[in-house]
Each structure stands twice: as structure tokens, then as C-alpha cells.
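Chemist:
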Amino acid sequence: MDAISRFFRSWFAGWARSLYQRSIAIPPFLTRNMAWLAAGWVAFAGIAAALRMTFSATPVDHAEDAVPMLLVYGAIIIAPIAGYLIARSAYSSEYARQRPDFHLSFIGKWRRVSPAEARQHPMFGPVGFLASLLIGLMINVVIRSGEFFFAIPAMSALAPDWAMTMFVVMALDVIVMNFFYMVAFVMALRNIPLFPRMLLFVWLTDIVMQIMIANQISQIGSLPHTVVEPLVSLLEGNLQKVAISIAVWMPYMLLSDRVNVTYRWRLAA
Numbered sequence: 001m002d003a004i005s006r007f008f009r010s011w012f013a014g015w016a017r018s019l020y021q022r023s024i025a026i027p028p029f030l031t032r033n034m035a036w037l038a039a040g041w042v043a044f045a046g047i048a049a050a051l052r053m054t055f056s057a058t059p060v061d062h063a064e065d066a067v068p069m070l071l072v073y074g075a076i077i078i079a080p081i082a083g084y085l086i087a088r089s090a091y092s093s094e095y096a097r098q099r100p101d102f103h104l105s106f107i108g109k110w111r112r113v114s115p116a117e118a119r120q121h122p123m124f125g126p127v128g129f130l131a132s133l134l135i136g137l138m139i140n141v142v143i144r145s146g147e148f149f150f151a152i153p154a155m156s157a158l159a160p161d162w163a164m165t166m167f168v169v170m171a172l173d174v175i176v177m178n179f180f181y182m183v184a185f186v187m188a189l190r191n192i193p194l195f196p197r198m199l200l201f202v203w204l205t206d207i208v209m210q211i212m213i214a215n216q217i218s219q220i221g222s223l224p225h226t227v228v229e230p231l232v233s234l235l236e237g238n239l240q241k242v243a244i245s246i247a248v249w250m251p252y253m254l255l256s257d258r259v260n261v262t263y264r265w266r267l268a269a
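Going by our numbering, the sequence shown opens with residue 1, and the numbers climb by one from there.
(1) Is it buried or exposed, Ser156, if we count other Cβ atoms within 10 angstroms and call 16 or more buried?
(2) Taking 7 Å as the threshold (C-beta atoms), are Phe180 and Val208 in contact?
(3) Looking only at C-alpha atoms, which of Leu199, Ile213, Ile220 and Thr262 sits nearest to Trp249?
(4) Can you tell which of Ala118, Ala269 and Leu223 has the C-alpha that lies nearest to the C-alpha of Ala159?
(5) Who does Arg111 pair with in a DSSP beta bridge?
(6) Comparing alpha-carbon positions, which option in Val141, Gly128, Ala214 and Met69 lies nearest Ser23?
(7) Evaluate contact between the region 186-195 and the region 71-89, counting only Cβ atoms and requiring at least three cross-stretch pairs below 8 Å.
(8) Threshold first: 4 residues or longer. Then list the alpha helix (DSSP H) segments lying entirely within the region 154-232, N to C.
(9) Are Pro126 and Pro28 close, meaning C-beta to C-beta below 7 Å?
(10) Ignoring anything shorter than 4 residues, give me the alpha helix (DSSP H) runs that lie fully in the region 34-68, in order along the chain.
(11) Does the separation of the CB atoms of Phe178 and Ala79 fall below 7 Å?
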């Protein structure tokens with residue numbers, strides 16, 4: 001029995017080392033290939049938008065009738081790219097990497113280290129388990145947008161008021177959250193000390209957005225019952241995903257040595 005236990009411990013340790021070694025290549029890969037990833041995103045979202053507009057739920061009698069769809073889908077496509085470019089520009093200087101004066105150090109015992117010490121520490125950088133968060137932030141943009149394209153039909157200018165309200169409100173959620181998730185992605189990738197707080201802000205914003213949308217939709221008296229169920233399911237799914245993300249990542253963001261060295265410049269005392 002001891003031999004079997006040692007075998008599995010050895011196997012798991014080897015697997016963990018292999019996984020860690022592979023994760024080291026993720027940040028530089030993402031940095032080098034963002035243009036290609038952005039092109040892939042535009043192709044994916046553009047095709048999805050074109051299909052939705054082709055099979056619009058309301059007629060398009062004239063070219064101007066398609067303007068609401070073009071504006072909404074264009075904003076969805078542009079939002080994550082804009083978030084990435086704005087954050088990349090905002091956090092390109094050394095000043096952006098200054099440690100905040102106020103720290104939430106109420107969990108655990110820590111000692112501060114200098115920026116130079118932090119960067120030289122073997123635990124510094126968004127690799128290992130933290131690299132999966134980078135990928136998860138990007139994938140979240142694709143999943144969030146894909147759910148919108150799948151669940152919400154395109155609405156032309158001829159759509160009834162309740163349908164246009166639903167279309168715009170649900171699209172606004174995707175636009176805002178895609179923007180902020182990509183800002184958080186850049187901050188994580190560039191080791192910006194404010195990243196943990198930004199991620200918390202994004203989570204809270206996501207929750208507030210779902211509540212606001214539910215409240216807004218509940219005020220549409222003419223909303224058909226056949227539309228209510230999929231909308232409620234979509235909103236509940238969004239809240240569940242945020243809750244799962246918080247449950248998985250919040251303890252890690254607070255207690256991980258790698259997170260604390262990389263973004264807070266502190267080590268366990």
C-alpha cells in the first residue's frame with residue numbers, strides 16, 4: 001500500500017512539474033500573438049454576428065433598418081479589443097507598476113519586499129496555476145459573447161419596443177463585461193499590482209450588471225412568457241459562473257505565494 005501511495009505521489013509531483021514548465025511559455029506566447037488572437041476573435045464574432053443578422057427575428061426592409069444590429073454587434077466585437085489596447089497603453093509605464101499604499105493584509109502574516117526582490121523571486125510572474133487565470137479571462141469573453149449570440153436573436157429597427165430593449169440591455173452586459181475582463185487580463189499579464197483589486201471590481205460589476213438587467217427586464221410589461229424563461233436562464237447562468245469564479249479564485253488570490261509576490265510584493269512572514 002505504501003508503495004502504491006509513493007507511486008501516485010511521485011506521479012503527481014512529476015505531472016505538476018511538467019504542467020508548471022509548460023505554463024512558463026503561456027505569458028510570452030500571449031504577448032507575442034495577441035494580434036493573431038484578436039484576428040481570430042474578429043473572425044469568430046463577425047461570422048456569428050453575420051449569421052444572426054441573416055436570420056434576424058424582425059424584418060429588414062431597408063438598409064437603415066439594420067443599423068441597430070450593426071451598432072450592437074460592432075460594439076461587442078470592438079469592446080474586448082478596446083479594453084486590451086486601452087489597458088496596454090495605460091499600464092505600459094513603470095509608474096503603473098507602483099505598489100498601492102493601502103493593502104488588505106488582514107489574512108495571513110506577510111513581510112514586504114522591494115520590487116527588485118519580488119522580481120527576482122522564483123515565484124514571481126503569472127505562471128503555474130495563475131496562467132490558467134489568464135486563459136480563463138480570455139475564454140470568458142468568448143463564452144459570454146457566444147451565449148449572447150446563441151440566446152438573443154438579432155433585432156432590426158422594426159422590432160417592438162420590448163424586443164429592442166431586451167436586445168440592447170443584454171448586449172450592453174456583454175460589451176461592458178468583455179471590456180473589463182480584457183482590462184483585467186492585461187493587468188494580470190503585465191504584473192500590475194492593482195490586478196487583484198481590478199479582478200474583484202470586475203466580479204462585483206458583473207453581479208451588479210445581472211441584477212440591474214433583471215430589474216430592467218422585469219419592468220417590461222409586454223415581454224412574452226416564451227422569452228422570459230431563456231432570459232432568466234441566461235442571467236442565472238451568468239451569476240453562477242461569477243459565483244464559481246469567486247469561489248475558486250478568491251482564496252487563491254488572497255493566499256497564494258505567487259499572487260502575493262507578483263502583485264503585492266510581499267512574502268509569508
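Note that beta-carbon positions come from the ideal geometry of N, C-alpha and C, so glycine has one too.
Modeler: Based on what the coordinates show:
(1) Residue mapping note: residue 156 aligns to position 156 of the sequence shown, counting from 1. That one is buried.
(2) Taking the first residue of the sequence shown as position 1, residue 208 is located at position 208. Taking the first residue of the sequence shown as position 1, residue 180 is located at position 180. It is not a contact, given that the beta carbons lie outside the stated cut-off.
(3) The residue given as residue 249 occupies position 249 in the sequence shown. The option with the nearest alpha carbon to Trp249 is Leu199.
(4) Position 159 of the sequence shown, counting from 1, holds the residue named residue 159. When each option's Cα is compared against that of Ala159, the closest is Leu223.
(5) Counting from one through the sequence shown, the residue named residue 111 turns up at place 111. Residue pairing by DSSP puts Arg111 in a beta bridge opposite Leu267.
(6) As a first step, residue 23 is located in the sequence shown; it is residue number 23 there, counting from the start. Considering only Val141, Gly128, Ala214 and Met69, the residue with the shortest C-alpha distance to Ser23 is Gly128.
(7) yes
(8) 161-189 and 195-218
(9) Translated into positions along the sequence shown, residue 126 becomes position 126. Translated into positions along the sequence shown, residue 28 becomes position 28. No, the Cβ-Cβ distance between Pro126 and Pro28 is not below 7 Å.
(10) The region 34-68 contains these whole alpha helix (DSSP H) runs: 34-54.
(11) Here residue 178 corresponds to residue number 178 of the sequence shown, with the count starting at 1. Here residue 79 corresponds to residue number 79 of the sequence shown, with the count starting at 1. Note that residue 178 corresponds to Asn in the displayed sequence, not to Phe. Yes, the Cβ-Cβ distance between Asn178 and Ala79 is below 7 Å.
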